[in-house]
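Going line by line, the protein sequences match chains A and B.
The first sequence runs 245 to 589 under my numbering.
The second sequence runs 245 to 589 under my numbering.
Every residue, glycine too, gets a C-beta built ideally from N, C-alpha and C.
The structure presented is a predicted model; accordingly, all values stated were derived computationally and were not measured.
Before any comments, here is the structure.
2 protein chains.
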Amino acid sequence: MKGIRRLAQHLDISIGTVSRALNGRPDVNEETRRRVLAAAKELGYVPNQSGRSLRQGTTNIIGFMMQTGTEITGQGDTFFMSVFDGVQAVFGRHKLDLVALLCSSEEDPADYLSRVVARGFADGVILSATQRHDARVELLSERNIPFVTLGRTLTDAGQPWLDLDFEGMAQASIDRLVARGHRRIAVTRPHDDVNLGYVFVERCREALASHGLALEEELIFRSTPNEAGGYQVGRELLSLDERPTAIVLINETIAIGFYRALSEAGVKPGRDIAVIGRYSPHAQFLSPSLTCFRLSLRDLGVALAETLLSTMPVFREHYPHGTANKLWPMELVEGASDALHIHQP
Amino acid sequence: MKGIRRLAQHLDISIGTVSRALNGRPDVNEETRRRVLAAAKELGYVPNQSGRSLRQGTTNIIGFMMQTGTEITGQGDTFFMSVFDGVQAVFGRHKLDLVALLCSSEEDPADYLSRVVARGFADGVILSATQRHDARVELLSERNIPFVTLGRTLTDAGQPWLDLDFEGMAQASIDRLVARGHRRIAVTRPHDDVNLGYVFVERCREALASHGLALEEELIFRSTPNEAGGYQVGRELLSLDERPTAIVLINETIAIGFYRALSEAGVKPGRDIAVIGRYSPHAQFLSPSLTCFRLSLRDLGVALAETLLSTMPVFREHYPHGTANKLWPMELVEGASDALHIHQP
DNA sequence: CATAGTTCCGTAAACGTTTACGGACGCCGA
DNA sequence: TCGGCGTCCGTAAACGTTTACGGAACTATG
Numbered sequence: 245m246k247g248i249r250r251l252a253q254h255l256d257i258s259i260g261t262v263s264r265a266l267n268g269r270p271d272v273n274e275e276t277r278r279r280v281l282a283a284a285k286e287l288g289y290v291p292n293q294s295g296r297s298l299r300q301g302t303t304n305i306i307g308f309m310m311q312t313g314t315e316i317t318g319q320g321d322t323f324f325m326s327v328f329d330g331v332q333a334v335f336g337r338h339k340l341d342l343v344a345l346l347c348s349s350e351e352d353p354a355d356y357l358s359r360v361v362a363r364g365f366a367d368g369v370i371l372s373a374t375q376r377h378d379a380r381v382e383l384l385s386e387r388n389i390p391f392v393t394l395g396r397t398l399t400d401a402g403q404p405w406l407d408l409d410f411e412g413m414a415q416a417s418i419d420r421l422v423a424r425g426h427r428r429i430a431v432t433r434p435h436d437d438v439n440l441g442y443v444f445v446e447r448c449r450e451a452l453a454s455h456g457l458a459l460e461e462e463l464i465f466r467s468t469p470n471e472a473g474g475y476q477v478g479r480e481l482l483s484l485d486e487r488p489t490a491i492v493l494i495n496e497t498i499a500i501g502f503y504r505a506l507s508e509a510g511v512k513p514g515r516d517i518a519v520i521g522r523y524s525p526h527a528q529f530l531s532p533s534l535t536c537f538r539l540s541l542r543d544l545g546v547a548l549a550e551t552l553l554s555t556m557p558v559f560r561e562h563y564p565h566g567t568a569n570k571l572w573p574m575e576l577v578e579g580a581s582d583a584l585h586i587h588q589p
Numbered sequence: 245m246k247g248i249r250r251l252a253q254h255l256d257i258s259i260g261t262v263s264r265a266l267n268g269r270p271d272v273n274e275e276t277r278r279r280v281l282a283a284a285k286e287l288g289y290v291p292n293q294s295g296r297s298l299r300q301g302t303t304n305i306i307g308f309m310m311q312t313g314t315e316i317t318g319q320g321d322t323f324f325m326s327v328f329d330g331v332q333a334v335f336g337r338h339k340l341d342l343v344a345l346l347c348s349s350e351e352d353p354a355d356y357l358s359r360v361v362a363r364g365f366a367d368g369v370i371l372s373a374t375q376r377h378d379a380r381v382e383l384l385s386e387r388n389i390p391f392v393t394l395g396r397t398l399t400d401a402g403q404p405w406l407d408l409d410f411e412g413m414a415q416a417s418i419d420r421l422v423a424r425g426h427r428r429i430a431v432t433r434p435h436d437d438v439n440l441g442y443v444f445v446e447r448c449r450e451a452l453a454s455h456g457l458a459l460e461e462e463l464i465f466r467s468t469p470n471e472a473g474g475y476q477v478g479r480e481l482l483s484l485d486e487r488p489t490a491i492v493l494i495n496e497t498i499a500i501g502f503y504r505a506l507s508e509a510g511v512k513p514g515r516d517i518a519v520i521g522r523y524s525p526h527a528q529f530l531s532p533s534l535t536c537f538r539l540s541l542r543d544l545g546v547a548l549a550e551t552l553l554s555t556m557p558v559f560r561e562h563y564p565h566g567t568a569n570k571l572w573p574m575e576l577v578e579g580a581s582d583a584l585h586i587h588q589p
């Protein structure tokens, strides 16, 4: 005899009463409830999740999907840990558990999702690293699984999303650099089809155009989102016949490798080239200090959670409006890396 | 009508046959199997995980437990991503899925485990960041849940473990530094009760003793496992009346902050002080290059997975011996940071 | 033709919960 | 005394699978 039956037998009451007692139902004598709880602790009883899920059709689990594998590895970093922190702060209030769904780089992300989540594994999903066209969005929306994306995508199923304000970053960076006299400005973008790359580059292009400048193709560097990618960008940049006088780095970690490549060539950020990047715990310790854009990842996590819950009937009352479809602003942290001013001839 | 019943109704066959067809049982006509699979795809049927788990008592999910929260955040890093990669390479062969169980720093880790895993959420667990005394080990062993730990612990339930060879690192580091004439050698250790701290410091002490040297208390620096911790260590070290001539850093990311603190004071690794650390994708880009210990995290992940599976009856035949209770060797990568030689007076 | 064996499929029980329903019992007011 | 009401509890169905069991149809063998 196992599970709730064992408990009921031990107490000589029915399993219905045991269940009600454990779940805090009102129609159970307080004395019996006390006995049940005591016995549960004594016998080390914990309700079986499968049985509960099967009956209730709910798992109390929210999945945060992320991809493993070496090339994306640099992105994992502390970024997600901080976001998780915020997400959990909200989930904790509703007995929801957050787990990270780790999709191997060898498997198709949509297949993975279909396999693990459409089976009723999670009550809701948070999607990150949205691609330009993202089959995962279609899948979840077809299956009516509540979800929210961190990052926009062209695949529109009416889902709520949050995203970093890459447009704002692009605009502010370009304006700032142009104001300092830069005319030849480089940008980086991710190596893959993650949507933010398109958004960022396009806005850079527009911002430059508004100043009467063009974004030259040879100044758009593709880079894996890790240190090695940044190093590669640095090498390529240095090998150009006509170097740019400034660059905007879209990923957090690439600044490290980029700095190194410059350093090896005796090129110093802030003196020989202006560099603007993204904040990360590492960037903080770069020298010369990196001018970068930062935001509160924890707050972003909170917003993600609230937005997701606002789409779920059970929780909607707590989060009537949510925070959906919002660009998350980034704040400029002034450093020394973009101190270089170009004097017009 | 939902689920497998709907499929059966649609095909006008019994649910038993549908189930057998989907699960690749031999006792089903190939033609019917074809029809079932086609219909499943057409209707978008995916088996419900709860129903399956309830019946089979198995979930096909392995949990990798990790803690979120800011102070440990630096440790997350790319370390785990690489380990996951190896774990998944093995799990992929057995239709097992890896998920990261994210325990909020606000919840007791053992409570968390009991809540999420004892409920039958996962078939097995990988525990990381084992504390000196770790209640999670007791819990899992009481509940007979297969698990393996990455890191040793004094809490012994006969569980299999793998660990990095911190003893080897300690010994080699000390030997190397002493051979270069260093007498006053500092070490770092984690701020919390994670077991590796004790192991590492003790072995350093022994190694020093074997050379007739003592490990002075003021030269043992506690540090959070992130950049900020490293910076703090650097500041403290610099403020000592009598500075050490060498230091061994136990965590991967602290070198970054440590370098920065030194740099601010005009102290250069390899010239003014010898530094030995751990490899990380960042460390690779430090200047002067960091002498550090590295290992294949992917291989470690593979071993973790194989060891876990070897303890699970269903998979035992594939992994008869496992790789349990092994210290994972680290290889020394020579850099410039420990080039300083002390000439004896 | 009888028998045995093989191939395939349907039936129904079981997994561990939750919960709608109804009943037993005691209490109160009419 | 009776009906009504409130409190508490037991019964049993339901959730969606898997699988042991048995049987029908067919084939092979003598």
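For Glu411(B), three-class secondary structure by DSSP: helix
Chain A partners of Pro291(B), CB-CB under 7 Å? Arg363
Beta-carbon proximity list for Glu578(A), same chain, < 8 Å, skipping 5 on both sides: Thr535
Interface residues of chain A around His526(B) at Cβ under 7 Å? Glu471, Ile500 and His526
Would you please verify whether the beta carbon of Tyr475(A) is less than 8 Å from any beta carbon of chain B? yes
Helix, strand or coil for Thr276(A), going by three-state DSSP, please let me know. helix
For the candidate residues Thr261(A), Arg249(A), Arg515(A) and Leu552(A), whose alpha-carbon lies nearest to that of Ala580(A)? Arg515(A)
Bridge partners of Ala505(B), per DSSP? In DSSP, Ala505(B) forms no bridge with anything.
Quick one: grab the DSSP three-state call for Glu575(A). strand
8 Å is my cut-off, CB to CB: does Thr312(B) come that close to chain A? yes
Is Glu350(B) close to chain A? Criterion is C-beta to C-beta, closer than 8 Å. yes
For Asp341(B), go through chain A and note every residue whose CB falls closer than 7 Å to its CB, in chain order. Val360
Taking buried to mean at least 16 other C-beta atoms within 10 Å of its own C-beta, is Asp407(B) buried or exposed? buried
Using a Cβ-Cβ distance cut-off of 8 Å, determine whether Gly579(B) contacts chain A. no
Write down the C-beta distance between Ala527(A) and Ala490(A) rounded to the nearest angstrom, noting that I regard them as a contact closer than 8 Å. Going by Cβ atoms, the distance from Ala527(A) to Ala490(A) rounds to 17 Å, so no, they are not a contact pair.
Compare the Cα-Cα distances from Gly395(B) to each of Ala568(B), Met245(B), Leu457(B) and Pro564(B) and report the closest residue. Ala568(B)
Beta-carbon gap between Glu496(B) and Phe308(B) smaller than 8 Å: no
For Leu251(A) versus Ala282(A), is the C-beta distance shorter than 8 Å? no
My output table needs one value for Gly318(A): the three-state DSSP class, helix, strand or coil. Any reading at Gly318(A) is ruled out, since the residue's pLDDT is 47, under 50, leaving its predicted position unreliable.
Please decide whether Ala568(B) counts as near chain A, where near means a Cβ-Cβ distance under 8 Å. no
How far does the beta strand (DSSP E) with Gly368(B) in it reach, from first residue to last? Gly368 to Leu371
Residue from Val360(B), Thr551(B) and Ser533(B) whose Cα sits closest to the Cα of Ala583(B): Ser533(B)
Cutoff 8 Å: Ala549(A) Cβ touching any chain B Cβ: no
Beta-ladder partner(s) of Val392(B), from DSSP: Ile370(B)
I need the DSSP call for Gln311(B), collapsed to helix, strand or coil. strand
May I have the straight-line CA-CA distance separating Leu590(B) from Arg504(B), to the nearest angstrom? Absent from the model: residue 590(B). The displayed extent of chain B is 245 to 589, so no value can be given.
Taking all protein chains shown into account, do 16 or more other C-beta atoms lie within 10 angstroms of the C-beta of Gly268(A), making it buried, or fewer, making it exposed? exposed
By DSSP's criteria, Ala518(A) is part of a beta bridge. Which residues make up the other side? Ala490(A)
Put Leu530(A) into one of helix, strand or coil per three-state DSSP. coil
Nearest to Ser294(B) by alpha carbon, out of Val290(A), Gly478(A) and Gly301(A)? Gly301(A)
Count the C-beta pairs between the region 342 to 358 of chain B and the region 349 to 358 of chain A that are closer than 8 Å, then say yes if the count reaches three, no if not. no
Quick check: the region 437 to 455 of chain B against the region 415 to 427 of chain B, are there 3 or more CB pairs under 8 Å? yes
Looking at chain A, is there any beta carbon in it that lies within less than 8 Å of the beta carbon of Phe328(B)? yes
Counting only beta-carbon atoms, is Leu298(A) nearer than 8 Å to chain B? yes
Per-residue burial, Pro469(B) [other beta carbons within 10 Å of its own, 16 or more giving buried]: buried
What residues of chain B sit near Ser507(A), judged by a beta carbon separation below 7 Å? Ser531
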